[in-house]
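The letter at position 15 of the first sequence is residue 15 when you use UniProt numbering, and the numbering goes up by one with no holes. Each residue gets a CB set at the ideal place from its N, CA and C atoms; glycine is no exception. Quick notes on the structure that follows.
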Amino acid sequence: MAFSGVHHFRMKALASELFQFRIGELATMTGVSTRQLRYWESKGIISSLEREGEQDARVYNYTAYVTVAVIKEFLDEGYTLKGAVKKTNEHQRNWQVLHDVMQNAVQDVVLLDETPAVDLGFFDEEETQRLYARIDENNKVKYSVRPWAGYAESIE
DNA sequence: CTTCTGACA
DNA sequence: TGTCAGTA
Numbered sequence: 001m002a003f004s005g006v007h008h009f010r011m012k013a014l015a016s017e018l019f020q021f022r023i024g025e026l027a028t029m030t031g032v033s034t035r036q037l038r039y040w041e042s043k044g045i046i047s048s049l050e051r052e053g054e055q056d057a058r059v060y061n062y063t064a065y066v067t068v069a070v071i072k073e074f075l076d077e078g079y080t081l082k083g084a085v086k087k088t089n090e091h092q093r094n095w096q097v098l099h100d101v102m103q104n105a106v107q108d109v110v111l112l113d114e115t116p117a118v119d120l121g122f123f124d125e126e127e128t129q130r131l132y133a134r135i136d137e138n139n140k141v142k143y144s145v146r147p148w149a150g151y152a153e154s155i156e
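This is the structure in structure tokens:
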């Protein structure tokens, strides 16, 4: 990846367990009570990290935060807990698809004619041409197909 | 001060 | 779900 800076770090941070919250913190962040969080966990709706003993405080990762936050949104819209969970599962399936597509479609971000462009990978089966996308002055997406040189000037 | 489990006006 | 108890 050309992005070895902030973006790369953020991806790693979200993917790993760098962000961890105690139950009280998660409650404050989401507006969901600690009582609810424990109850939801007992129902298998969310999960916390492994604990040494039963008396230790629960610790949640970023994924759990997102799940709780989304369920909370649906609850506020009037859904029952059961309904909110169902909607949340669908919601997260869609975002998983988007995430997979984005991750696989966006190969790189490079400079094309001295302007930033997204490298969308090979345009042809023979893998001799590359498809790039850019945003022009009018905020319209412009595509370009260029011969694949094997490398490109990446933006760091 | 915070969290844990269990119980209930 | 809130809350109180009695701990760790």
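Between the Cα of residue i and those of the options, spot the shortest distance and give me the residue it belongs to.
i: residue 110; options: 95, 134, 125 and 122; result: 134
i: residue 72; options: 148, 85, 118 and 122; result: 85
i: residue 144; options: 28, 116 and 59; result: 116
i: residue 47; options: 61, 56 and 35; result: 61
Mapping DSSP to helix, strand and coil, what is residue i?
i: residue 121; result: strand
i: residue 137; result: coil
How long is the line joining the alpha carbons of residue i and residue j, rounded to whole angstroms?
i: residue 4; j: residue 106; result: For residue 4, the pLDDT reaches just 47, beneath the cut-off of 50, and the residue's location in the model is therefore unreliable, although a value from the coordinates is still provided. Straight-line Cα distance between these residues: approximately 15 Å.
i: residue 87; j: residue 76; result: 13 Å
i: residue 37; j: residue 64; result: 10 Å
i: residue 108; j: residue 102; result: 11 Å
Between residue i and the rest of its own chain, which residues show a CB-CB distance below 7 Å, the 5 nearest in sequence each way excluded?
i: residue 33; result: 27
Within its chain, find whatever has a CB closer than 8 Å to the CB of residue i; leave out the 5 residues flanking it on each side and keep chain order.
i: residue 31; result: 72
i: residue 146; result: 112, 129, 130 and 132
Tell me whether residue i, by its Cβ, gets closer than 7 Å to a heavy atom of the ligand ATP.
i: residue 100; result: Of ligands this structure carries none, so the ligand ATP is not represented either.
- Query: Looking at C-beta atoms only, is the number of pairs between the stretch 119–133 and the stretch 84–100 that lie closer than 8 Å three or more?
  - Reply: no
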